[in-house]
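Colleague: Take a look at this one; I'll ask things after.
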Amino acid sequence: MTTTPVGGRRIVYQRPTLLTDRSTHYCPGCGHGIIHRVIAELLDELQLGPTTIGVASVGCSVFAYDYFGIDFVESPHGRAPAVATGVRRARPNAFVFTYQGDGDLAAIGTAEIVHAAARGERISVVFVNNGIYGMTGGQMAPTTLLGQHTTSSPLGRDAAVAGFPIPITEMLALLPGVAYAARGTITDPGQIGKTKAMLRRAFESQLAGEGLSIVEVLSTCPVGWGLTPTESMAHVTNEVTAVYPLGVIVDRRRAATRKDGS
Ligand SMILES: Cc1ncc(C[n+]2csc(CCOP(=O)(O)OP(=O)(O)O)c2C)c(N)n1
Ligand code: SF4
0 MTTTPVGGRR
10 IVYQRPTLLT
20 DRSTHYCPGC
30 GHGIIHRVIA
40 ELLDELQLGP
50 TTIGVASVGC
60 SVFAYDYFGI
70 DFVESPHGRA
80 PAVATGVRRA
90 RPNAFVFTYQ
100 GDGDLAAIGT
110 AEIVHAAARG
120 ERISVVFVNN
130 GIYGMTGGQM
140 APTTLLGQHT
150 TSSPLGRDAA
160 VAGFPIPITE
170 MLALLPGVAY
180 AARGTITDPG
190 QIGKTKAMLR
200 RAFESQLAGE
210 GLSIVEVLST
220 CPVGWGLTPT
230 ESMAHVTNEV
240 TAVYPLGVIV
250 DRRRAATRKD
260 GS
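Next up, the structure:
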């Protein structure tokens with residue numbers, strides 16, 4: 000956000016320079032657009048535009064490369080951490096982030112994210128958890144809540160049939176290669192600000208060469224959930240955060256600082 004006076008008026012809100020000037024294909028009330036904006040603001044503020052290479056995954060955000068004014072690589076479904084590994088190792092001075100849905104990261108791409116985290120790859124992962132496969136019509140994902148109705152669990156997710164929701168960010172945080180892991184959301188301006196602070200810390204962690212950083216963002220899919228945009232935001236606040244608590248899960252730099260008292 001800028002407060003630069005322009006022609007006698009004070010601009011308090013404008014499009015980040017690294018977001019392209021075009022309409023997105025996202026549905027009304029979808030969280031992807033908000034998350035794109037926050038990332039673009041941060042890349043602007045950290046002056047990372049010229050050195051950033053984003054890795055788009057498969058899912059509703061598959062066209063992310065059209066919306067950011069930076070270099071982007073498209074990866075096969077779930078393979079973004081593997082593609083990002085190659086990009087980061089081939090271009091050691093690049094800033095590399097993946098943008099992945101929960102179907103992409105926590106289902107088909109489970110192996111890729113676990114092993115990239117185990118290797119401590121110097122990449123940042125933006126993990127957008129809307130609890131569903133949005134792009135393909137709202138099927139159950141590993142992150143779907145118990146009892147949640149989806150097109151492939153029309154009676155609600157039953158643990159006896161489909162198991163329990165996977166808290167994959169907590170699982171990844173156990174690995175020493177993960178320098179920073181946190182979970183935020185985009186349900187109101189305060190939460191967007193907190194999520195932006197988490198993403199900033201994640202990006203700075205990569206710049207400091209600390210290891211893999213991941214921020215899970217609890218997002219919305221009004222179309223897949225059969226809710227209005229307003230109901231979707233309330234659903235995240237009231238139901239989803241009870242299963243996936245918000246906050247920093249691990250921050251190894253802060254933990255090390257506390258240990259040596261510095
Ligand atoms: C190898 C492969 N398997 C399956 C698909 C079909 N497919 C496309 S998007 C998608 C799910 C995307 O869901 P998610 O990652 O949660 O993103 P969202 O659309 O919800 O943002 C699936 C299963 C595919 N494109 N490629
Ligand atoms: S289907 Fe869901 S995730 Fe996909 S664009 Fe629409 S609201 Fe967003």
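Quick note: the sequence shown, position 85, residue 84 per numbering that gives the first Met the number 0, numbers continuous. Even glycine gets a Cβ: it sits at the ideal position worked out from N, Cα and C.
Run through DSSP, which three-state label would serine 60 get?
Modeller: Helix, per DSSP.
Colleague: Going by DSSP, what residue range makes up the alpha helix (DSSP H) through valine 72?
Modeller: Segment 70-73 is the beta strand (DSSP E) holding valine 72; no alpha helix (DSSP H) there.
Colleague: Do the region 177-185 and the region 202-221 make contact, defined as three or more Cβ pairs closer than 8 Å?
Modeller: Yes, the region 177-185 is in contact with the region 202-221.
Colleague: Give me every residue whose Cβ sits closer than 6 Å to any heavy atom of ligand 2, in chain order.
Modeller: Result: Tyr25, Cys26, Cys29, His31, Cys59, Asn129, Gly133, Met134, Cys220, Pro221, Val222, Gly223.
Colleague: With DSSP as the reference, please indicate the residues paired to threonine 149 in a beta bridge.
Modeller: Answer is Ser152, bridged to threonine 149.
Colleague: Please find out if some non-hydrogen atom of ligand 4 comes closer than 7 Å to the beta-carbon of aspartate 65.
Modeller: Inclusion of ligand 4 in the displayed structure is not the case, the ligand content consisting of ligand 1 and ligand 2 alone.
Colleague: Using DSSP with H/G/I as helix, E/B as strand and the rest coil, what is serine 231?
Modeller: In this structure, serine 231 counts as helix in the three-state DSSP scheme.
Colleague: Secondary structure at alanine 140, three-state DSSP: helix, strand or coil?
Modeller: Reduced to three states, the DSSP call for alanine 140 is coil.
Colleague: Excluding the five sequence neighbours on either side, which residues of its own chain have a C-beta within less than 7 Å of the C-beta of cysteine 26, listed in chain order?
Modeller: Pro221, Val222.
Colleague: Please report the distance separating the alpha-carbon of threonine 49 from that of valine 86.
Modeller: The displayed chain sequence assigns proline, not threonine, to residue 49. Spanning the two alpha carbons is a distance of roughly 15 Å.
Colleague: According to DSSP, simplified to helix, strand and coil, what is valine 95?
Modeller: Of the three classes helix, strand and coil, the one that applies to valine 95 here is strand, per DSSP.
Colleague: For serine 218, name the three-state secondary structure that DSSP assigns.
Modeller: Serine 218: coil per DSSP, three-state reduction.
Colleague: Rounded to whole angstroms, what is the Cα-Cα separation between leucine 211 and serine 204?
Modeller: The straight-line gap from Cα to Cα measures roughly 8 Å.
Colleague: Taking the C-alpha atoms as reference points, what is the distance between glycine 176 and alanine 83?
Modeller: Cα to Cα, the separation comes out at about 15 Å.
Colleague: Return the chain-ordered list of same chain residues with a C-beta closer than 7 Å to the C-beta of leucine 17, the five sequence neighbours on each side being excluded.
Modeller: Taken in chain order, the residues that qualify are Ala39, Leu42, Asp43, Gly48, Phe67, Gly68, Ile69.
Colleague: Roughly how many whole angstroms lie between the Cα atoms of glutamate 111 and serine 60?
Modeller: Each residue's alpha carbon lies about 18 Å from the other.
Colleague: Skipping 5 residues on each side, what residues in its chain have a beta carbon closer than 8 Å to that of threonine 19?
Modeller: So the qualifying residues of the chain are Asp65, Tyr66, Phe67, Gly68.
Colleague: Is the CB-CB distance between glycine 32 and valine 127 below 8 Å?
Modeller: Their beta carbons are not under 8 Å apart, which means glycine 32 does not touch valine 127 by this criterion.
Colleague: Quick check: the Cα distance between glutamate 209 and glycine 6, rounded to an integer number of angstroms?
Modeller: Approximately 44 Å, taken between the alpha carbons.
Colleague: In whole angstroms, what separates the C-alpha of valine 242 from that of arginine 253?
Modeller: C-alpha separation (whole angstroms): 26 Å.
Colleague: Assign tyrosine 179 to one of three DSSP states: helix, strand, or coil.
Modeller: In the structure shown, tyrosine 179 sits in a strand (DSSP, three-state: E or B).
Colleague: How would you write the range of the beta strand (DSSP E) that isoleucine 52 sits in, first residue to last?
Modeller: Where isoleucine 52 is concerned, the enclosing beta strand (DSSP E) stretches over 51-55.
Colleague: Count the other CB atoms, across all protein chains shown, that sit within 10 Å of the CB of threonine 143; report buried if there are 16 or more and exposed otherwise.
Modeller: Looking at its Cβ environment, which holds 16 or more other Cβ atoms inside 10 Å, threonine 143 is buried.
Colleague: Rounded to the nearest angstrom, what separates isoleucine 131 and methionine 139 at their Cα positions?
Modeller: The alpha-carbon atoms of isoleucine 131 and methionine 139 are separated by roughly 5 Å.
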